[in-house]
Amino acid sequence: MKYLKKIGLVLLACMMMISMVACGTTKNDSATSNVFTGEAEGKNGIIKVEVTIENKEIKKIDVVENHESEFTKDVFTQVVNSVVAANTAEIDTISGATLTSSALIAAVADAVNKSGIELTAKKVDNGQAEKVEDVTTDVVIIGAGGAGLTAAIQAKEDGANVILVEKNAVVGGNTNFATGGLNAAGTKFQKEKGIEDSVELFIEDTMKGGKNLNNPELVNVLAERSSESVDWLTERGADLSDVGRLGGASVNRCHRPTGGAPVGDHLVKVLNKNAKEIGVEIRLETKAIEILHNENKVTGIKVQDAKGNEYVINAKAVVVATGGFGANQDMVVKYDAKLKGFGTTNGPGATGDAVGLLEALKAGFVDMDKIQTHPTVVPGKSKLITEAVRGNGAILVNREAKRFIDELQTRDVVSAAELKQEGATAFLVFDQNVRESLSAIEKYYKLGLLTEAETVKELAEKIGVDAEELENTVNTYNTFVQNNEDKDFARANMKTELNKGPFYAVEVGPAVHHTMGGVTINTEAQVITEAGEVIEGLFAAGEVTGGVHGANRLGGNAVADITTFGRIAGANAAKSAK
1 MKYLKKIGLV LLACMMMISM VACGTTKNDS ATSNVFTGEA EGKNGIIKVE VTIENKEIKK
61 IDVVENHESE FTKDVFTQVV NSVVAANTAE IDTISGATLT SSALIAAVAD AVNKSGIELT
121 AKKVDNGQAE KVEDVTTDVV IIGAGGAGLT AAIQAKEDGA NVILVEKNAV VGGNTNFATG
181 GLNAAGTKFQ KEKGIEDSVE LFIEDTMKGG KNLNNPELVN VLAERSSESV DWLTERGADL
241 SDVGRLGGAS VNRCHRPTGG APVGDHLVKV LNKNAKEIGV EIRLETKAIE ILHNENKVTG
301 IKVQDAKGNE YVINAKAVVV ATGGFGANQD MVVKYDAKLK GFGTTNGPGA TGDAVGLLEA
361 LKAGFVDMDK IQTHPTVVPG KSKLITEAVR GNGAILVNRE AKRFIDELQT RDVVSAAELK
421 QEGATAFLVF DQNVRESLSA IEKYYKLGLL TEAETVKELA EKIGVDAEEL ENTVNTYNTF
481 VQNNEDKDFA RANMKTELNK GPFYAVEVGP AVHHTMGGVT INTEAQVITE AGEVIEGLFA
541 AGEVTGGVHG ANRLGGNAVA DITTFGRIAG ANAAKSAK
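The sequence shown begins at 1 in full-length UniProt numbering and counts up one residue at a time.
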């Protein structure tokens, strides 16, 4: 299938062998019915399957253990149906969920290998490119991530007919991987907890974090309408009742699900459900290849589906919500050569496809060289440890077992400090108190990312740093907590002493996380040309846009951005289409 990467059974079996456990039924060459067990390492842990083989045909696949995100349910269904139809594990992975689908395919391959039964692959007719009729709608939205789903819901609720296209086989985009939360000021949840915050303070923090390169008008809108965004999501079923603090924030304003669970896949589930219920038409594996226009007014888009069919979606308004380009190493290096070779926390779909489409319309761009690295990513695994772990009390130490930074500084500052340490990484250290305060940590524990020890001394020995020095560092930090003053780095928000075993550590370092630059928009989410003119009927929201975050994005501001400007883009697109 188009946009999918071919993964063969033999290659997968070799790549996944280390993670597969030799279990299952004894090899059997008979034509009787048997159930065989296989497993492989997924994105978030082991995926285990039971494969029923009858008369040398795969009849049934049950996923009996799975730690993947909510959005992967549809991925599992697609993979299972494809394997059963083809009677082989030599199938394509699913675009937008490569790691998860690869692991599921590998688990099935493991079960088939253990069966010892030779399967004969069936020819599956996936269809050929053919002429597809053009369609017409009021509003077409490119990209079904958080911004696109939000815009689609708002436009549909405002009376427009909406088609939402997504190049991947699943919705959610990078929002699926968002961990922290949504920054908002003056919300009902803050008031319930006695947190004093203001729009003015939110603006001040955001401008400071962005080194004042942000567009002040966009930041004002972000902050002023952030509380509305929390209410809007809550009214549609989201849980944002827990409020914490991320780097660069003066107060607790990061809204997330109860217990501090990751916000991303929760919001995608809520938004996708709402979009389907109100009749938004979502076309997956449909890639926008051109934005159509007549003079300075857009008239729709040209797309290509999974079979290679090209057709036109005529529309009175277009919303671009395709995300950033953090997973496109060539584009990252084009704008910031220092980031060559860096890993990324982004999903595979964050490739900056819309840049070329918008350049063809002479759209303006801003801050394209401003690319953020996240400081707490597990080296070699691209597993992001949410900033909330630091917000809830964790510290960073180097290989000398010493703190070297205020852990709640902005991401660019912490990343730069890490790169100056030996090995260009650090250890995130915390205790059982922190673990119990944040449910997101349980995922890291289940994935085996954490080193655990009953004492600080034992933890130091396990991670290879000086035990006496680490004990001194932790004791000194605890004294700072007691006195509510960090004499070394002036850290605020020292929530708890690190004094309850077990103790935990995970090695972390910087990886490409967010691209602050993008297409130029105004406060109505309208796309602006290089000459400063509005392109009629064209709107944009989310990471594809520039100007909101300046030189550096604060944690929690991306989800605020996609929701706030997604709503604005959707509402104005619907209005434009009338």
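A virtual CB, placed ideally from N, CA and C, is assigned to each residue, including glycine.
Determine the DSSP secondary structure at residue 242, reduced to helix, strand or coil.
strand
Near residue 421, what residues of its chain come up, given a Cβ to Cβ distance below 8 Å and the 5 sequence neighbours on each side ignored?
398, 399 and 404
Run through DSSP, which three-state label would residue 482 get?
helix
Quick check on the DSSP output: what are the complete alpha helix (DSSP H) runs of length 4 or more inside the segment 293 to 356, in order along the chain?
329 to 335
Measuring alpha carbon to alpha carbon, tell me which residue in 185, 69, 168 and 209 is nearest residue 254.
185
Alpha-carbon spacing of residue 203 relative to residue 191, whole angstroms:
19 Å
Take residue 492 as the anchor and find which of 502, 481, 571 and 501 has the nearest alpha-carbon.
Residue 492 has its Cα closest to that of 481, out of 502, 481, 571 and 501.
In three-state DSSP terms, what is residue 394?
coil
Between which residues of its own chain and residue 78 is the CB-CB distance below 7 Å, once the five residues before and five after are set aside?
94 and 169
Is residue 508 helix, strand or coil when you go by DSSP?
strand
Would you give the residue range spanned by the beta strand (DSSP E) that residue 62 belongs to?
57 to 65
Limits of the beta strand (DSSP E) - the one that residue 518 falls within
518 to 520
Given 8 Å as the limit, is there contact between the segment 205 to 212 and the segment 173 to 181, that is, 3 or more CB pairs closer than that?
no
Contact between the segment 534 to 552 and the segment 318 to 332 is defined here as three or more beta-carbon pairs at a separation below 8 Å; is this criterion met?
yes
Report buried or exposed for residue 109, applying the criterion of at least 16 other Cβ atoms within 10 angstroms of its Cβ.
buried
For the candidate residues 346, 534 and 415, whose alpha-carbon lies nearest to that of residue 332?
Of all alpha-carbon atoms in 346, 534 and 415, the one lying nearest the alpha-carbon of residue 332 is that of 346.
When the Cα atoms are used, what is the spatial distance from residue 392 to residue 260?
Note on geometry: alpha-carbon atoms of residue 392 and residue 260 lie some 10 Å from one another.
In whole angstroms, what is the alpha-carbon distance linking residue 239 and residue 390?
Distance from the CA atom of residue 239 to the CA atom of residue 390, rounded to whole angstroms, is 22 Å.
Just curious, the beta strand (DSSP E) that residue 587 is in, first and last residue?
Outside the shown range of the chain, which is 1 to 578, sits residue 587, and nothing can be said about it.
Inspect the beta-carbon positions of residue 505 and residue 455 and report whether they are closer than 8 Å.
Cβ distance not < 8 Å, so residue 505 and residue 455 don't count as in contact.
How would you write the range of the beta strand (DSSP E) that residue 117 sits in, first residue to last?
Where residue 117 is concerned, there is no enclosing beta strand (DSSP E), given that its DSSP letter is neither H nor E.
Close beta carbons around residue 358, own chain, < 6 Å, minus the five adjacent residues each side:
519
Determine whether the beta carbon atoms of residue 287 and residue 552 lie at a separation below 8 Å.
no
What does the alpha-carbon distance come out to for the pair residue 147 and residue 301?
18 Å
Counting Cβ pairs, one atom from each stretch, are 3 or more of them under 8 Å apart for the segment 278 to 296 and the segment 215 to 224?
no
Mind reading off the beta-carbon distance from residue 116 to residue 145? Whole number of angstroms is fine, and I expect it under 8 Å.
So it is not a contact: roughly 44 Å between Cβ atoms.
Which residue's Cα is closest to the Cα of residue 426: 437, 470 and 142?
470
7 Å Cβ shell around residue 24 - same chain, five flanking residues per side excluded:
Any answer about residue 24 is weak, because its pLDDT of 40 lies below 50 and its placement is not dependable; what the coordinates show is given next. For residue 24, where only same-chain residues beyond five positions count, the Cβ hits under 7 Å are 36, 37, 38, 111 and 114.
Comparing alpha-carbon positions, which option in 512, 408, 499 and 306 lies nearest residue 339?
512
What's the gap between the Cα of residue 540 and the Cα of residue 561?
11 Å
Considering Cα atoms alone, identify which of 89, 214 and 52 is closest to residue 550.
The shortest C-alpha separation from residue 550 is found at 214.
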